[in-house]
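Asker:
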Amino acid sequence: MLITFEGIDGCGKSSQAKLIADRLADQGIECVLVREPGGTDLSEQIRTILLDAKRSMPIAHAAELMLFAASRAQLVAEVIEPALKRNAVVICDRFTDSTIAYQGYGRGLPLAYIRSVNDLATNGLIPDITFLIDVPIELAIRRRKGMGDDRMESESRLFFSHVVQGYMALAQKHPDRIHVIDGADSMEDIHHTITRLVEYELGNELRHAHRMNNRARHAESTPALPATGDFDYSFDVTAEALAS
Ligand code: TYD
Numbered sequence: 565m566l567i568t569f570e571g572i573d574g575c576g577k578s579s580q581a582k583l584i585a586d587r588l589a590d591q592g593i594e595c596v597l598v599r600e601p602g603g604t605d606l607s608e609q610i611r612t613i614l615l616d617a618k619r620s621m622p623i624a625h626a627a628e629l630m631l632f633a634a635s636r637a638q639l640v641a642e643v644i645e646p647a648l649k650r651n652a653v654v655i656c657d658r659f660t661d662s663t664i665a666y667q668g669y670g671r672g673l674p675l676a677y678i679r680s681v682n683d684l685a686t687n688g689l690i691p692d693i694t695f696l697i698d699v700p701i702e703l704a705i706r707r708r709k710g711m712g713d714d715r716m717e718s719e720s721r722l723f724f725s726h727v728v729q730g731y732m733a734l735a736q737k738h739p740d741r742i743h744v745i746d747g748a749d750s751m752e753d754i755h756h757t758i759t760r761l762v763e764y765e766l767g768n769e770l771r772h773a774h775r776m777n778n779r780a781r782h783a784e785s786t787p788a789l790p791a792t793g794d795f796d797y798s799f800d801v802t803a804e805a806l807a808s
C-alpha cells in the first residue's frame, strides 16, 4: 500500500507521516518512510540542487520539473517498487500531486506534460491514499518562521495561493483517493483521523487478500467445468429460432 502526504510547506505533514509510520511499525507492519525529493543517493543529490537557497544558479521551470521527476524515478525504481512487492506499506512525504500543484499551478507549466512526466517517473504508480493537510498560507508561514526558507519556500504568497488552488482542484478530481485534513486541528486529532483511515484501508486490503486466497483454494478443490464446446448447440437453437 502506498500512502502519500501532501500540502504546502509548513502544513505539518512530515510530522504526521512520521507518526503513522511509527505506529504501523509498532504493530509489526513493515513500513518504509521516504520523502521527496530524496530517498536515494541520486535523489538526495538532486534535492540539494533543487532546494539549496544559497546557490545562485538559475533553474528554468521545465528543468525544475524534470529534476523533481528524475529524483522520483530513481526513488520509485530503487525503493518504492521493491518495497511494495514485499507488501510493505510505503509512506511518502510528497509525491506526484506536489508536482501538479507546484510546477503545474505554481509555475504554470502545462498539466498534460506534468502528467506524462509523472507517469514516466512512477511507472504509472498511483497512491492508494493521499492525505492533503490543508492550512491557511499565513499559518504555514508562521510555523516556518526561523527555520530558514529553502529555494521553493522563498516563493511569493501568490505562488503559494496558486499551489493551494492546485491541491484543491486535485482533491475535487480524486475524492476517493485524496482526504483533505484540517491542518489547524491539533497534532493528536489529525493523527487520530489519519490512523482511522489507514487502518480501515489496511483492513480492506487484508479482507481482499483473504477473499482471493479462499477463491484460489476453492478453484483448486472444484472439478473443472465442461469444455465450452459442449455448449455449442445453444447457438444453433438460437439461429434456428431466428430463421423460423
Ligand atoms: P521540503 O523541505 O521537503 O519541504 P516540506 O517539508 O514542506 O515537504 O522541500 C520540498 C520542496 O519541494 C517543497 O517546497 C515542495 C517542493 N516540491 C515541488 O515543487 N515539486 C515536487 O514535485 C516535489 C516533490 C516537491
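Residue 565 is where the sequence shown starts when you use the numbering used here, and the numbers rise one by one after that.
All residues carry an ideal CB built from backbone N, CA and C; glycine is no exception.
1. I567 and P691 look like a contact to me (Cβ under 8 Å); what is the Cβ gap, rounded to whole Å?
2. According to DSSP, is T802 helix, strand or coil?
3. Between the stretch 587–603 and the stretch 700–714, can you find at least three pairs of beta-carbon atoms closer than 8 Å?
4. On the DSSP bridge assignment, give the partners of T568 in chain order.
5. Cβ of G670 within 8 Å of Cβ of G712?
6. Check whether the stretch 722–737 and the stretch 608–626 are in contact - that is, three or more C-beta pairs closer than 8 Å.
7. Taking 7 Å as the cut-off, is the C-beta of R658 nearer than that to any heavy atom in the ligand TYD?
8. Give me the residue from V727, D657, S750 with the minimum Cα distance to A581.
9. May I ask whether a heavy atom of the ligand TYD can be found less than 7 Å away from the beta carbon of V673?
10. In whole angstroms, what separates the C-alpha of D746 from that of I697?
11. Report the rounded CA-to-CA distance for Y677 versus D683, giving the unit in angstroms.
12. By alpha-carbon positions, which one of R636, H774, S725, A641 ends up nearest to G571?
13. Check V727 in the structure and name its three-state DSSP category.
Answerer: From the atom records:
1. Indeed, because the Cβ distance is near 7 Å, the residues count as touching under 8 Å.
2. The pLDDT assigned to T802 is 42, lower than 50, so where the model puts this residue is not dependable, and the model offers no usable value.
3. They do not touch, by the three-pair rule.
4. Under DSSP, T568 takes part in a beta bridge, and its partners are C656, T694.
5. With a cutoff of 8 Å on beta-carbon distance, G670 and G712 are scored as not near each other.
6. Contact between the stretch 722–737 and the stretch 608–626 is absent, because fewer than three Cβ pairs lie under 8 Å.
7. Answer for R658: yes, Cβ within range of the ligand TYD.
8. It is D657.
9. The question names Val, yet the displayed sequence has Leu at residue 673. No.
10. Near 6 Å, if we compare the C-alpha coordinates of I697 and D746.
11. Roughly 10 Å separates the two Cα atoms.
12. The residue with the shortest Cα to Cα distance from G571 is S725.
13. Helix at V727.
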